[in-house]
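Have a look at the structure below, then the notes.
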Amino acid sequence: MTAAEPLNNPRHERFANALVDHPRMTAQDAWALSGSADAPRTNKDSLKATAWRVKNRPDVAARIGWLREERRRRAAHAASGALSADGLEALMHRLSAALTRVHERAEAENAPEGALLKLRRTLTTHAARLSLQLHALRLADGPDALRPAGSPLLDVWRTRMLERACTCGERA
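Residue numbers (the UniProt record's numbering): 1 to 172.
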């Protein structure tokens, strides 16, 4: 079993996640919160001793270290401006919803077909591009897959413009 895999004991996994999610939380509090709601409450010293033992188990300590490192890696990746596979997937869902809204609004308002056709074509092109990027990211399994031959800054700019295009229909 590697540190990247969840722990076999669900309570130990909840304990590790609580310690990583809330850095100021004590191990004693994290252990108390990781139990089920109907579990009998134990005294403070017992909680403290058990939390210390669980925290220092090799598998739990490795999992906590891995979760913290993963959190740092994701924060650095998010700060770099590159999108993750989850971010791209969420953006694709928003784009799909925007296409649906455009089509419904066009039918409801009897808008000029030429303008709507151009907007639909633009959104569909962006959806296809995002789909290719998502596929490349999953194949390469890394952030550089999101940066094809073009400039990384231009790619980020296009993504930001696409995000604005997806949210423009929500204001109305």
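Backbone N, C-alpha and C fix where the C-beta goes; we use that ideal spot for every residue, glycine too. Computed from a predicted structure; not experimentally measured.
- When secondary structure is reduced to three states using DSSP, G114 falls in the helix class.
- Straight-line spacing of the CA atoms in H12 and D21 works out to 14 Å.
- Looking only at N17, H93, E113, L33, the smallest Cα-Cα distance to A61 is reached by N17.
- Counted as a single uninterrupted DSSP element, the stretch harbouring A4 is not any alpha helix (DSSP H), since DSSP gives it neither H nor E.
- Contact fails between the region 40-51 and the region 96-103, because fewer than three Cβ pairs, one in each stretch, are under 8 Å apart.
- Around the beta carbon of R63, a 10 Å sphere encloses 16 or more other beta carbons of the protein chains shown; the residue is thus reported as buried.
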